[in-house]
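At position 209 of the sequence shown (counting the first as 1) the number is 209 in the working numbering, and the numbers step up by one without a gap. Note that CB positions come from ideal geometry on N, CA and C, so glycine has one too. Reviewing the structure listed below.
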Amino acid sequence: SFYSWWQLCLGNNRCDCLPQVSKRCAVIGGSGFLGRHLVEKLLDRGYSVSVFDIRQSYELPGVTFHQGDLCDKQALLSALKDVSLVFHCASPAPSSDDRLLFERVNIRGTQTVIQACLDAGVQKLVLTSSASVVFEGTDVKNGKEDLPYAKKPIDYYTQTKIEQEKLVLEACNKPKGFLTVAIRPHGIFGPRDPQLVPTLVDAARQGKMKFIIGDGTNLVDFTYVENVVHGHILAAEHLRADSPICGKPYHITNDEPIRFWDFMSEVLVGLGYPAPRFHLPYTLVYGLALLLLLLTWILRPVMSFKPTFTPMRVALAGTYHYYSCEHAKEHLGYKPVVSLKEGIARTVASYPHLRRGA
Ligand SMILES: NC(=O)c1ccc[n+]([C@@H]2O[C@H](COP(=O)([O-])OP(=O)(O)OC[C@H]3O[C@@H](n4cnc5c(N)ncnc54)[C@H](O)[C@@H]3O)[C@@H](O)[C@H]2O)c1
Ligand SMILES: CC(C)CCC[C@@H](C)[C@H]1CC[C@H]2C3=C(CC[C@]12C)[C@@]1(C)CC[C@H](O)[C@@H](C(=O)O)[C@@H]1CC3
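Here is the structure:
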C-alpha cells in the first residue's frame, strides 16, 4: 500500500510521534534563522513545505518559495493553498528598534495572517512567540507560563510580541476548527544565527568584551535551535480539539540554565577570544547605556551610530531570566534533543569565519 511504501521511504527518520504520511505545511518567515532550521527538519520528517517570506535566502528540493510581505493577505493566500498547518516565525529583527515596523508586521501583519488562515481553511497555526513577553528587565527565576505579560516591556519588539501572542491565542476557535498554540523560546543560538554570536564577536573584536556586568552569577536560558524546532513540531502534532494545548503558550528551553557570562565565555573562548574578566557594577553600566541611548536620539539629526551596550542588552546580560519548560514536557512530551554543551560545540564549529584572526 501507499502507507507502507511511504514508511519505507521515511526510513531512519521515522519516529512514533511524527507523521507517517506526507503533509503540506507553510512556514511564514521560513527564510530566517529559526525558519530555515524548521523547514529542514520538516522536510526530514516527510512534510512538503511552502515558505512565505519577504526575501528568499536559499533553495531546497521539496520547498516552494513565495516571496511577499505578510501584511498582504492576497500574497499569503496563494502560499496557503492546500495547507492545513502554518508556522508563523516571521518578525523584524529586534535590533531594528523600529516601533512602526514592529507594529505593522507583528501586530497588524499577524491579524492578516490569522484572517488569511481562516479564509484558506487552515486548521492549525503555531506561533513563535518569545519568553521575553513576561520579562521587564528584572529577575525571572524558573518562570512559568502563568506569569503576567510584562506591563513595562523592555522594548518595542517585546511590546509587539505580547500583542501578537494575545492575538494568536485568542483566535483559537474549536467550533470553527481553527486551533492555535504559541511557543515561547528563549535566547536561540546555533549555526547561521545572525544576531547572538555575530554581535558577540563584533564586540570582542572591538575590545568591548573584557567586562562582566554585575557579579556574573545570573542564570539565563540559551536554547539550541534544534530544540526550538523540536518544540514547534511537537506542538503542531499535539494540536487537536481535545488537547489541553489549544490556545496556550509553552516555554521551550534547553532546560539547562547557565550563567550568562559562562555561556558568553564558552562561545568566545571556543572562537579563540579571551573570556571577559573584569567586573563592573550593573547599575553603572545600565545608567551608561541609558545615557548613550539618549545621546543617539539627540545626535540623530547630525550623525547616527548603534551602541553595542543598549539598555535592553545590559538588562539581559545582568539579570536572571530562565524559564520552566515543565508544561511542555507534560503536555507535548518535550525533552531537549541537543545538550547545551553539544549545542555550543556545534555552533562554534559552524563559524570558522568568525574565529580570532580569520
Ligand atoms: N532569535 C532568538 O533568540 C529568538 C528568541 C525568541 C523568539 N524568537 C522569535 O523567533 C522568530 C524567528 O526569529 P529568527 O531569530 O529566526 O529571526 P530572523 O530575522 O532570522 O527571521 C525572521 C524572518 O522573518 C522575515 N520577515 C520579516 N518581516 C517580514 C514580513 N513583513 N513579511 C514576511 N517575512 C518577514 C525575515 O525576512 C526573516 O527571514 C521571530 O518571531 C522571533 O521573534 C527569536
Ligand atoms: C554585548 C554583550 C553584552 C551581549 C552580546 C550578545 C547579545 C547580542 C545577545 C545576548 C542575549 C541575546 C538575546 C536576544 C538578542 C541577542 C542577545 C541580546 C533576544 C533579545 C532576541 C529576541 C528574543 O525574543 C529574545 C528572547 O526572548 O529569547 C532574546 C533574548 C536573548
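beta-carbon residue i near ligand 2 non-hydrogen atom, thresh 7 Å
i: Ala-437; result: An answer regarding residue 437 cannot be provided, because it is not within the stretch 1 to 358 covered by the chain.
i: Phe-309; result: yes
i: Leu-271; result: no
i: Ala-289; result: no
i: Arg-277; result: no
i: Arg-346; result: no
i: Leu-268; result: no
i: Arg-205; result: no
i: Thr-199; result: yes
i: Gln-195; result: yes
i: Gly-187; result: yes
i: Arg-192; result: no
i: Pro-92; result: no
i: Ala-358; result: no
i: Arg-313; result: yes
Where residue i sits in the DSSP three-state scheme
i: Arg-259; result: strand
i: Ile-54; result: coil
i: Lys-141; result: strand
i: Thr-180; result: strand
i: Phe-33; result: helix
i: Thr-64; result: strand
i: Asn-173; result: strand
i: Val-21; result: Low per-residue confidence applies at Val-21: pLDDT is 43, beneath 50, and the placement is therefore not dependable, though the value from the model is reported in the following sentence. Here Val-21 sits in coil by DSSP.
i: Leu-280; result: strand
i: Ile-154; result: coil
i: Lys-124; result: strand
i: Ser-48; result: strand
i: Ala-26; result: strand
i: Val-220; result: strand
i: Leu-147; result: coil
i: Phe-211; result: strand
i: Pro-198; result: helix
i: Phe-309; result: coil
i: Tyr-250; result: strand
i: Tyr-320; result: coil
i: Val-348; result: helix
i: Gln-7; result: Per-residue confidence for Gln-7 stands at a pLDDT of 37, beneath the threshold of 50, marking its modelled position as unreliable; no derived number is given.
i: Pro-301; result: coil
i: Ile-245; result: coil
i: Val-86; result: strand
i: Pro-94; result: helix
i: Ala-135; result: Ala is not the amino acid found at residue 135; the sequence shown has Phe there. Phe-135: coil per DSSP, three-state reduction.
Cβ neighbour criterion (16 or more within 10 Å) applied to residue i
i: Glu-59; result: exposed
i: Gln-359; result: For the chain, the structure presents residues 1 to 358; residue 359 sits outside this window and is missing.
i: Lys-141; result: exposed
i: Lys-81; result: exposed
i: Trp-410; result: Because the chain spans 1 through 358 in this model, residue 410 falls outside it and cannot be assessed.
i: Lys-144; result: exposed
i: Asn-218; result: buried
i: Glu-36; result: A small correction: the amino acid at residue 36 is Arg; Glu does not occupy that position in the sequence shown. By the 10 Å Cβ count, Arg-36 comes out buried.
i: Cys-15; result: Here Cys-15 scores only 40 on pLDDT, less than 50, and its place in the model is too uncertain to base an answer on.
i: His-186; result: buried
i: Ala-241; result: exposed
i: Ser-31; result: buried
i: Asp-119; result: exposed
i: Leu-100; result: exposed
i: Leu-290; result: exposed
i: Ala-26; result: buried
i: Arg-313; result: buried
i: Phe-360; result: Lying outside 1 to 358, the shown extent of the chain, residue 360 is not represented and no answer is given.
i: Ala-236; result: buried
i: Gly-109; result: buried
i: Ser-304; result: exposed
i: Ala-90; result: buried
i: Ser-96; result: exposed
Heavy atom of ligand 1 within 7 Å of residue i beta-carbon
i: Leu-70; result: yes
i: Leu-125; result: no
i: Phe-33; result: yes
i: Cys-382; result: Within the shown structure, residues of the chain are numbered from 1 to 358, placing residue 382 beyond reach of any answer.
i: Val-140; result: no
i: Val-27; result: no
i: Thr-128; result: yes
Any C-beta of chain B under 8 Å from that of residue i
i: Lys-161; result: Checking the listed chains, one finds no chain B in this structure; it contains a single protein chain.
Near ligand 3: residue i beta-carbon under 7 Å from a heavy atom
i: Phe-260; result: Ligand 3 is not part of this structure, which contains only ligand 1 and ligand 2.
Is the region 197–206 touching the region 42–56, taking contact as three or more C-beta pairs under 8 Å? Fewer than three pairs of CB atoms, one per stretch, sit closer than 8 Å, so the region 197–206 makes no contact with the region 42–56.
Spell out a yes or no on whether the region 287–301 and the region 184–201 are touching, meaning 3 or more CB-CB pairs, one atom from each, closer than 8 Å. No contact exists between the region 287–301 and the region 184–201.
Is the region 341–352 touching the region 254–273, taking contact as three or more C-beta pairs under 8 Å? yes
Does the count of Cβ pairs from the region 302–318 and the region 280–288 closer than 8 Å reach three? yes
Are at least three pairs of beta-carbons, each pair with one atom in the region 164–173 and one in the region 212–227, less than 8 Å apart? no
Is the number of C-beta pairs between the region 237–252 and the region 325–336 that are closer than 8 Å three or more? yes
Per the contact definition of three or more C-beta pairs closer than 8 Å, is the region 120–130 in contact with the region 53–72? no
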